[in-house]
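Numbering (UniProt numbering), first residue to last: 1 to 454.
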Ligand SMILES: Cc1ncc(COP(=O)(O)O)c(C=O)c1O
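See the structure below:
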């Protein structure tokens, strides 16, 4: 005799139809192993009664779960968690936005012995100046010049990656918890930072080129509105949108007219891109510029830079000194070596070549589900309604594929238009191929279930 299932899902009051929320709740509980392979789900009528939802809603949700392989129905017996979905095998992580890792142990051995041979022990054993040693600042500025950013070393502070530079910029410009304009969907680290620094991010509507100028202008017209804009004009994270030169000029014109200071996050400037000048070159007097070596050479190096207008320099130094204090000269010595012996350049080119190979693979597997971009980084964007995105992440996780939780890239819980970011740089090529195959199937069945063309 089959016993009655004692389990009832907790149905959130969040976004999405009741059947979508029931699907998400069931998938979550399967993943959390509150329900194990072979467990029997409550009968349709019983669950509808307990959750006070329609019988059709339960039928629809169970049908959807079955199409996705999460449960199976045995005629006359009931609906059961399928063995296939309760997998414990290795997961495929498509949530970490890192470049492909191409550095070998041999390269590190060569680098470290060269650093050891020529380093100045005094430099390596004492506190450097807060902004870093002048020579290292000049070297970083020269690297940025090669990427098309005219960087003045005397305004440049070396930081522990771009994230540390953003921390300084946010603390500096959103003093007293002032709000900051940004793109509707943004870098998850910025969402987290805004919470820490107490400033509220105000997401603005976007199109293929990022923030819509008219939306910025209108929002900025409000009295006592934000006076800071955080923006990633090139290969925006997560949406991949890239501002054309004319869009950049429009944004800068509005910021000048409305007296807005810009925090420009340019970490995806991977080549000279002469036709897409940094905002910091179009409006140097009002742009705080952020970049790092993380996406172009090596994220483990933890080296980044903040370039600020003169008026902000002393304050930026003060914030840096009170947070990370300063960047390690060991890191700078490695960077110096890579810049001098050509490693940085060669590795950067190799990473981009590999990124292109991965992008082609991704485009061929995901087809029209993914947004196309002329500029290639390490993430792609699958636009979809926010409610679908939340479900999608849960369903992917249930299949052992980790994608970035959509709420972590969203500035607001009310945003209707959302999407899923897939990071294609970090996994092995084989993992990427298999993960993307599963992602494509998942999206297809999600669209089919909603009666939309897949
Ligand atoms: C837009 C953006 N800004 C900043 C960062 C942080 O970079 P870093 O590793 O140099 O701290 C990232 C990392 O993913 C990013 O995507």
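Note that CB positions come from ideal geometry on N, CA and C, so glycine has one too. Since the model is a prediction, treat every value here as computed from it, not as a measurement.
Next item on the list: With a threshold of 16 other CB atoms inside 10 Å of the CB of residue 127, please say whether the residue is buried or exposed.
Entry: exposed
Check: So which of 318, 268, 387 and 76 has the shortest CA-CA distance to residue 376?
Finding: 268
Notebook entry, point to check: Can you give, in chain order, each stretch of the beta strand (DSSP E) that sits fully within the region 285-344 and has at least 3 residues?
Noted result: 287-292 and 304-307
Margin query: Please list the terminal residues of the continuous alpha helix (DSSP H) segment that includes residue 379.
Written below: Per DSSP, residue 379 belongs to no alpha helix (DSSP H); it is in the beta strand (DSSP E), 379-385.
Notebook entry, point to check: Within 10 angstroms of its Cβ, does residue 226 collect 16 or more other Cβ (buried), or is it exposed?
Noted result: buried
Item checked: heavy atom of ligand 1 below 7 Å from residue 185 C-beta -> no
Checklist line | Collapsed DSSP secondary structure at residue 199 in the structure displayed | finding: coil
Next item on the list: Alpha carbon to alpha carbon, how far is residue 43 from residue 405? Give it in angstroms, no decimals.
Entry: 31 Å
Check: When you compare only the Cα positions, how much space is there between residue 154 and residue 183?
Finding: 30 Å
Next item on the list: Kindly examine ligand 1 and report whether one of its heavy atoms sits closer than 7 Å to the Cβ of residue 99.
Entry: no
Checklist line | residue 233 Cβ short of 7 Å to ligand 1 heavy atom set | finding: no
Next item on the list: Compare the C-alpha of residue 249 against each of 263, 266, 278 and 259 and name the closest.
Entry: 278
Next item on the list: Report the partner residues of residue 180 according to the DSSP bridge assignment.
Entry: 201
Note to self: Which of the three DSSP states is assigned to residue 81 in this structure?
What the structure shows: strand
Check: Just the Cα atoms here: how many angstroms apart are residue 322 and residue 401?
Finding: 39 Å
Margin query: Can you tell me whether residue 228 is helix, strand or coil according to DSSP?
Written below: strand
Margin query: Can you find the residues in the same chain that come closer than 7 Å, C-beta to C-beta, to residue 312, ignoring five residues on each side of it along the sequence?
Written below: 172 and 288
Checklist line | For residue 203 and residue 411, believed in contact at Cβ under 8 Å, the rounded distance | finding: 3 Å
Checklist line | Rounded distance between the beta-carbons of residue 332 and residue 378, thought under 8 Å | finding: The Cβ separation is near 25 Å, so there is no contact.
Check: With respect to the beta strand (DSSP E) encompassing residue 74, which residues constitute its N-terminal and C-terminal limits?
Finding: 71-74
Next item on the list: Give a yes or no on whether the C-beta atoms belonging to residue 10 and residue 35 are separated by under 8 Å.
Entry: no
Check: Would you report the Cα separation of residue 214 and residue 242, rounded to the nearest angstrom?
Finding: 17 Å
Notebook entry, point to check: Closest by CA to residue 325, which one among 45, 306, 159 and 48?
Noted result: 159
Margin query: Using CA atoms only, rank isn't needed, just tell me which of 256, 27 and 340 is closest to residue 118.
Written below: 340
Checklist line | Alpha-carbon to alpha-carbon, residue 64 and residue 449 | finding: 7 Å
Next item on the list: Report buried or exposed for residue 95, applying the criterion of at least 16 other Cβ atoms within 10 angstroms of its Cβ.
Entry: buried
Check: Over what stretch of residues does the beta strand (DSSP E) that includes residue 415 continue unbroken?
Finding: Unbroken run through residue 415: none, as it is neither H nor E.
Margin query: I'd like the ranges of any beta strand (DSSP E) spanning at least 3 consecutive residues and lying wholly in the region 250-286.
Written below: 261-265
Check: So is residue 19 buried or exposed if we call it buried at 16+ other beta carbons inside 10 Å?
Finding: buried
Check: DSSP puts residue 185 in a beta bridge; with which residues?
Finding: 410
Check: Do the CB positions of residue 425 and residue 384 come within less than 8 Å of each other?
Finding: no
Checklist line | Neighbourhood of residue 169 by C-beta distance below 7 Å, restricted to the same chain and skipping five residues each side | finding: 263, 288, 290 and 306
Next item on the list: Use the C-beta contact count for residue 399: other C-beta atoms within 10 angstroms, 16 or more gives buried, fewer gives exposed.
Entry: buried
Checklist line | First through last residue of the beta strand (DSSP E) which encompasses residue 157 | finding: 156-159
Notebook entry, point to check: So what does residue 420 bridge to, in DSSP terms?
Noted result: 382
Check: Considering only residues of the same chain and omitting the five flanking positions on each side of residue 21, which have a CB-CB separation below 7 Å?
Finding: 11, 12 and 14
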